[in-house]
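Residue numbers (my numbering): 576 to 904.
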């Protein structure tokens, strides 16, 4: 590719870099489209073998294939398919013991002739461990030994010399993601399962439900609908949420906030809770995800939400500060 020039004939390296970047992405995108249209024939068989296995997926590769393999092992493990990465060299020095007869091996080598994978191939054959090969060379040693052959189509690498693993690693990563998502759907893996494997960080916070963070039991500022406002004020002050949850028996009939108190100052102490309460407060179910609760609170411009079960049975309250502390933004 020749460097681009401005109208004055001066080289424009910024424009040239943008053109190069677009060209790389176009080459790799075209390769992925071709891969989608020519999915390896053994793809479905590999999925069935993994689903029928009682062990784990063992992923291995060397160099760039190894880096891709580590990512794929992490993706499998986080989406309901137990998996881990075994370093090919370490496998030859004792780590073969990590690979059991109930496992399934996925070995990645673009050439299919990676010497470091040799001992894992022999080990899988010796103990009849199913072997899934990922390579662009269908006639390679790896693919001849594999029980399931996920052959990558021959597509040009995106680098100018055609040697640096670029397109090939992108296709490998995408093919691994296709395996992981297919396994997720076949297993019926849902958001609640995903949350089990992602308890930390922002993602974990967003997968929490309001019941994970709510204040329930004796912490709830519950008042009876016929309670005098003097008692309601004492409860609201003692609980410290700036809210009173009004109930009739075991059913929520309304909510009293600091704003409701200000709007009813005239003769406030001569009233009962039901006279002051908002009969249509924001109430959410315990399985409501925290980001959804945050969105509703922002929309209504309120700082606290009430959690209730069936028939408006009070379960807890959740303050916006609880959401912020948990990392829900």
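Even glycine gets a Cβ: it sits at the ideal position worked out from N, Cα and C.
Remember, it's a predicted structure, so these values are computed and weren't measured experimentally.
### Query
So which of 754, 865, 895, 624 has the shortest CA-CA distance to residue 818?
By 1-based counting over the chain shown, the position of residue 818 is 243. Minimum Cα distance to residue 818 is reached at 895.
### Task
Could you tell me if residue 732 is buried or exposed, where buried requires 16 or more neighbouring beta carbons within 10 angstroms of its beta carbon?
Translated into the one-based positions of the chain shown, residue 732 becomes position 157. Looking at its Cβ environment, which holds 16 or more other Cβ atoms inside 10 Å, residue 732 is buried.
### Query
Going along the chain, which unbroken runs of the alpha helix (DSSP H) with 4 or more residues stay wholly within the segment 813-899?
833-838, 848-851, 865-875
### Task
May I ask which residues mark the beginning and end of the beta strand (DSSP E) holding residue 724?
For the purposes of this step, residue 724 is taken as the residue at position 149 of the chain shown. 723-726 is the extent of the beta strand (DSSP E) around residue 724.
#### Entry: residue 683 burial status per 10 Å Cβ neighbour count (16 or more: buried)
Within the chain shown, the letter at position 108 stands for residue 683. So residue 683 counts as buried.
### Under the three-state DSSP convention, the category residue 611 falls into
Start at 1 with the first residue of the chain shown, and residue 611 comes out as number 36. Looking at residue 611 - three-state DSSP - the assignment turns out to be helix.
#### Entry: Under 8 Å between C-beta atoms of residue 758 and residue 864
The residue labelled residue 758 in the question sits at position 183 within the chain shown. The residue labelled residue 864 in the question sits at position 289 within the chain shown. Cβ distance not < 8 Å, so residue 758 and residue 864 don't count as in contact.
### Message
Pop quiz: residue 807 and residue 848 are said to be a contact at Cβ under 8 Å. What is the actual Cβ separation, rounded to whole angstroms?
### Response
Locating residue 807 in the chain shown gives position 232, where the first residue counts as 1. Locating residue 848 in the chain shown gives position 273, where the first residue counts as 1. At roughly 5 Å, the Cβ-Cβ gap stays under 8 Å, so residue 807 and residue 848 are in contact.
### Pairwise C-alpha distance: residue 666 and residue 680
Position 105 of the chain shown, counted from the first residue, corresponds to residue 680. Position 91 of the chain shown, counted from the first residue, corresponds to residue 666. Roughly 13 Å separates the two Cα atoms.
### Message
Cutting at 8 Å between CB atoms, please list the residues of its own chain near residue 835, excluding the five before and the five after it.
### Response
Here the question's residue 835 lines up with position 260 in the chain shown. Once the five neighbours on either side are set aside, the close Cβ partners of residue 835 are 851, 852, 853.
#### Entry: Best match in 700, 640, 694, 902 for proximity to residue 745 [C-alpha to C-alpha]
Position 170 of the chain shown, counted from the first residue, corresponds to residue 745. Closest by alpha carbon: 640.
### Query
With 16 other CB atoms within 10 Å as the buried threshold, where does residue 793 fall?
In the chain shown, residue 793 corresponds to position 218, counting from 1. So residue 793 ends up on the exposed side.
### As assigned by DSSP and simplified to three states, the class of residue 660
Looking up residue 660 in the chain shown gives position 85. If DSSP states are grouped into helix, strand and coil, residue 660 belongs with the strands.
### Query
By DSSP, does residue 698 sit in helix, in strand, or in coil?
For the purposes of this step, residue 698 is identified with residue 123 of the chain shown, where counting begins at 1. In this structure, residue 698 counts as helix in the three-state DSSP scheme.
### Query
Mapping DSSP to helix, strand and coil, what is residue 625?
Residue 625 sits at position 50 when you count from the first residue of the chain shown. DSSP places residue 625 in helix when its eight states are reduced to three.
### Task
Going by CA-CA distance only, name the one from 606, 861, 762, 810 that's closest to residue 783.
For the purposes of this step, residue 783 is taken as residue 208 along the chain shown, with counting starting at 1. For the residues 606, 861, 762, 810, the minimum Cα distance to residue 783 belongs to 861.
### Query
Out of curiosity, what's the CA-to-CA distance linking residue 764 and residue 753?
Position 189 of the chain shown, counted from the start, is the residue given in the question as residue 764. Position 178 of the chain shown, counted from the start, is the residue given in the question as residue 753. Spanning the two alpha carbons is a distance of roughly 15 Å.
### Contact the segment 719-729 vs the segment 605-618: 3+ CB pairs below 8 Å
Judged by Cβ distances under 8 Å, the segment 719-729 makes contact with the segment 605-618, as three or more pairs qualify.
### Query
Taking the alpha carbon of residue 813 as the point to measure from, which residue in 796, 902, 857 has its own alpha carbon closest?
Locating residue 813 in the chain shown gives position 238, counting from the first residue. Of the listed residues, the one whose Cα sits closest to residue 813 is 796.
### Query
Taking the alpha carbon of residue 798 as the point to measure from, which residue in 790, 686, 809, 646 has its own alpha carbon closest?
The residue you call residue 798 lines up with position 223 of the chain shown. It is 809.
### Task
State the CB to CB distance for the pair residue 811 and residue 890, rounded to an integer number of angstroms; the pair is presumed to be in contact (CB under 8 Å).
The sequence position of residue 811 within the chain shown is 236, counting from 1. The sequence position of residue 890 within the chain shown is 315, counting from 1. In fact, because the Cβ distance is near 19 Å, the residues do not count as touching under 8 Å.
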